[in-house]
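**Q** Numbering of the sequence shown is given in the UniProt record's numbering, commencing with residue 1 and proceeding in unit increments.
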Amino acid sequence: MILTAAACLFSMVLLQYVDSAPAKKGREYYEERGEIVWEVPTDQKVIALTFDDGPDPVDTPAILELLKQYEAKATFFVVGQRVDKYPDIAKREIAEGHEIANHTFSHQYMNRNRLSAARIEEEITKTEASIFKATGKKPHLFRPPGGYYNEQVVGASKRTGYKVVMWSWHQDTEDWSTPGVKKIVNKVLGNARNGDIVLFHDYVEGKSQTVEALKQILPDLKKRGFTFVTVSELLSHRKAATVEN
Numbered sequence: 001m002i003l004t005a006a007a008c009l010f011s012m013v014l015l016q017y018v019d020s021a022p023a024k025k026g027r028e029y030y031e032e033r034g035e036i037v038w039e040v041p042t043d044q045k046v047i048a049l050t051f052d053d054g055p056d057p058v059d060t061p062a063i064l065e066l067l068k069q070y071e072a073k074a075t076f077f078v079v080g081q082r083v084d085k086y087p088d089i090a091k092r093e094i095a096e097g098h099e100i101a102n103h104t105f106s107h108q109y110m111n112r113n114r115l116s117a118a119r120i121e122e123e124i125t126k127t128e129a130s131i132f133k134a135t136g137k138k139p140h141l142f143r144p145p146g147g148y149y150n151e152q153v154v155g156a157s158k159r160t161g162y163k164v165v166m167w168s169w170h171q172d173t174e175d176w177s178t179p180g181v182k183k184i185v186n187k188v189l190g191n192a193r194n195g196d197i198v199l200f201h202d203y204v205e206g207k208s209q210t211v212e213a214l215k216q217i218l219p220d221l222k223k224r225g226f227t228f229v230t231v232s233e234l235l236s237h238r239k240a241a242t243v244e245n
């Protein structure tokens, strides 16, 4: 009898703990609050191509030429150190109508390195300074390396005036791992939807396959009637939520 009562008491305490424990804040939590964007619900045939980790002196200019050829706009999530190294490429991105966004100064993985809020803010603001020095523009979109996010990352982004932007889960090309041109092409073309944010990299250690993949992706999507827009432009296409009475 005593054992049963103790077991009941333990169960009650455990239930109270579970009820009071904070719920894990995942995609739905941040998406509902508009604090992180993965994609944009829209009826318009618009799609945003994004490129991380650049600029690169070889691949970025090649990508810019292809984008110009197919009248496509894109968003480049740049690394501050690389902007300092290749400012003319960053300047060209802006001059040709593309968007530059913030991807930290030294590409620190915030979960792996357990960065403090102050260090995250420093990574963001240093990159902002590099971008402004090269282009005269102040970015307002931020993508954390590896797509890692939590309250600290979101808070630091807000305090420095940035919106966090990820990518459509079905549009992660994984081009950084050089999976083969065919796999990159099939990933994008096989999953393309209105409002997608596609993840590419314009800097890949070793030989990149992104440029060759884009030679097939861009004409195919254009033929389907897609318009290539910057992330900021994509956000303006968001479909208004239906209000139920």
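Here a beta-carbon is modelled for each residue, glycine too, at the ideal position from N, C-alpha and C.
Given the structure is predicted, the values throughout are model-derived calculations rather than measurements.
In the DSSP assignment, the beta strand (DSSP E) including D52 goes from what residue to what residue?
**A** Element bounds for D52: V46 to D52.
**Q** When burial is assigned at 16 or more other CB atoms within 10 Å of the CB, is S208 buried or exposed?
**A** buried
**Q** Pull up the distance between the alpha-carbon of E174 and that of L199, whole angstroms please.
**A** 8 Å
**Q** Rounded to the nearest angstrom, how far is the Cβ of V78 from that of P55, given a contact under 8 Å?
**A** Going by Cβ atoms, the distance from V78 to P55 rounds to 6 Å, so yes, they are a contact pair.
**Q** For E39 and I197, which I take to be in contact (beta-carbon distance under 8 Å), what is that distance rounded to the nearest angstrom?
**A** 5 Å
**Q** Compute the Euclidean distance between the alpha carbons of T125 and S232, then round it to the nearest angstrom.
**A** 20 Å
**Q** Taking the alpha helix (DSSP H) that K163 belongs to, which residues open and close that run?
**A** Unbroken run through K163 is the beta strand (DSSP E), K163 to V165; no alpha helix (DSSP H).
**Q** Give the DSSP-derived three-state secondary structure of H201 in the structure shown.
**A** Three-state DSSP puts H201 in a strand.
**Q** To the nearest angstrom, how far is it from the Cα of E28 to the Cα of S168?
**A** Roughly 14 Å separates the two Cα atoms.
**Q** Identify the residues that DSSP records as bridge partners of D172: which are they?
**A** L199
**Q** Taking 7 Å as the limit between beta carbons, can you name the residues of its chain near R238, skipping five residues before and five after?
**A** V40, P41 and T42
**Q** Since N191 is in the alpha helix (DSSP H), which residue starts that stretch and which ends it?
**A** Here the alpha helix (DSSP H) through N191 covers V181 to N191.
**Q** Do G34 and K73 have their CB atoms nearer than 8 Å?
**A** no
**Q** Please go through the same chain and pick out, in chain order, the residues whose beta-carbon is closer than 7 Å to the beta-carbon of L115, but skip the five residues on each side of it.
**A** Q108
**Q** Going by CA-CA distance only, name the one from Q152, Q216 and V204 that's closest to K25.
**A** Q152
**Q** State buried or exposed for Y171, treating a residue as buried only when at least 16 other CB atoms are found within 10 Å of its CB.
**A** It should be noted that the sequence gives Gln, not Tyr, for residue 171. That one is buried.
**Q** Considering only the alpha carbon of each residue, which of I89, Y70, N111 and Q69 lies closest to F76?
**A** I89
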